[in-house]
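Visitor: Numbering (this note's numbering), first residue to last: 2 to 226.
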């Protein structure tokens with residue numbers, strides 16, 4: 002089964018249905034950047050880190066715009082053509098230059114060691130466990146040594162929401178109409194990344210951004226070894 006095509010088709014349909022509409026209901030429709038990303042940018046600037054940034058699964062570009070406004074050279078990639086169209090319009094409306102393109106995290110169209118910083122605020126938690134190794138290999142190739150990576154993903158403490166998260170605490174994933182959600186434990190994140198990254202900080206966010214009651218995400222800032 003082609004899991005990547007299933008997810009791509011789903012997100013293309015979802016973004017196309019939005020038809021350039023913006024609101025502050027959630028991260029799909031909001032133009033407001035995530036507070037988590039604001040914190041990330043502050044960290045980078047405080048440590049005099051600039052240069053090239055990749056926004057993986059950039060969606061409407063809300064976080065890419067903030068990076069660009071802070072002087073970074075920004076690239077955004079998303080599997081959805083409709084999302085990229087919205088992201089390009091968002092960049093134009095904000096008078097910032099961002100290189101947005103359609104593409105897959107498994108086949109990143111960039112030179113090796115090109116990026117100083119990466120952001121994933123919604124990609125990895127839609128990948129099956131069998132795809133994590135390929136994901137890791139792909140991001141490691143494009144990220145410079147000592148480059149930074151902010152991961153922002155569903156937590157196993159997300160809470161039960163019908164059709165989204167698992168009802169049983171004995172399972173931390175869901176599959177509905179081919180769409181996969183994974184709710185990460187800290188152990189899963191550390192086991193996946195710690196051989197290649199040093200963890201700078203991590204925490205769980207239960208309020209703020211588009212978080213609604215019961216929802217929780219894990220935030221990990223890492224540095225490539």
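Each residue gets a CB set at the ideal place from its N, CA and C atoms; glycine is no exception. In this text, all values refer to a predicted model and were calculated from it rather than measured experimentally.
Please report the distance separating the alpha-carbon of residue 143 from that of residue 160.
Guide: 34 Å
Visitor: Given residue 105, which residues of its chain have a CB within under 7 Å of its CB, disregarding the five upstream and five downstream residues?
Guide: 5, 80
Visitor: Taking the alpha-carbon positions, what's the residue 182 to residue 120 distance?
Guide: A straight line joining the alpha-carbon of residue 182 with that of residue 120 spans about 19 Å.
Visitor: Over the uninterrupted beta strand (DSSP E) stretch that includes residue 84, give me the two end residues.
Guide: No beta strand (DSSP E) holds residue 84; the alpha helix (DSSP H) holding it covers 82-94.
Visitor: With residue 142 as the anchor, note down where its beta strand (DSSP E) starts and where it stops.
Guide: Per DSSP, residue 142 belongs to no beta strand (DSSP E); it is in the alpha helix (DSSP H), 133-143.
Visitor: In the DSSP assignment, find the unbroken beta strand (DSSP E) run with residue 100 in it and report its ends.
Guide: 99-103
Visitor: Among all the DSSP beta bridges, which residues are the ones paired with residue 118?
Guide: 54, 149
Visitor: Taking just the CA atoms, how far does residue 112 sit from residue 48?
Guide: 25 Å
Visitor: Between the beta-carbon of residue 223 and the beta-carbon of residue 126, is there less than 9 Å?
Guide: no
Visitor: Are the stretch 51-65 and the stretch 88-108 touching, with three or more C-beta to C-beta distances below 8 Å?
Guide: yes
Visitor: Measure from the alpha carbon of residue 198 to the alpha carbon of each residue in 226, 178, 172, then state which is nearest.
Guide: 226
Visitor: Does DSSP put residue 68 in a helix, in a strand, or in coil?
Guide: Reduced to three states, the DSSP call for residue 68 is helix.
Visitor: Tell me whether residue 135 is buried or exposed, calling it buried when 16 or more other Cβ atoms sit within 10 Å of its Cβ.
Guide: exposed
Visitor: Which word fits residue 214, buried or exposed, when buried means at least 16 other C-beta atoms lie within 10 angstroms of its C-beta?
Guide: With a pLDDT of 47 at residue 214, under the threshold of 50, the predicted position of this residue should be treated as unreliable, and no value is reported.
Visitor: Rounded to a whole number of angstroms, what is the C-alpha to C-alpha distance between residue 128 and residue 102?
Guide: Taking the straight line from one Cα to the other gives about 20 Å.
Visitor: Do you know how far the Cα of residue 53 is from the Cα of residue 140?
Guide: 14 Å
Visitor: So for residue 6, helix, strand or coil by DSSP?
Guide: helix
Visitor: Going along the chain, which residues of its own chain have a beta-carbon closer than 6 Å to the beta-carbon of residue 37, five neighbours each way excluded?
Guide: 153, 220
Visitor: Excluding the 5 residues flanking residue 13 on each side, which residues of the same chain have their C-beta closer than 7 Å to its C-beta?
Guide: 81, 82, 83
Visitor: Starting from the C-beta of residue 9, find all residues in its chain whose C-beta is less than 6 Å away, skip the five residues before and the five after it, and write them out in chain order.
Guide: 80
Visitor: Could you pull the start and end residues of the alpha helix (DSSP H) that residue 73 belongs to?
Guide: Note, residue 73: premise wrong, no alpha helix (DSSP H); not H, not E.
Visitor: Kindly list the residues whose CB is nearer than 7 Å to the CB of residue 97, restricted to its own chain and excluding five residues on each side of it in sequence; keep chain order.
Guide: 66, 69, 70
Visitor: Using beta carbons (cut-off 9 Å, strictly below), is residue 218 in contact with chain E?
Guide: Any reference to chain E falls outside this structure, which holds one protein chain only.
Visitor: Around the C-beta of residue 204, are 16 or more other C-beta atoms found within 10 angstroms, so that it is buried, or is it exposed?
Guide: Answer is exposed; the Cβ neighbour count stays below 16.
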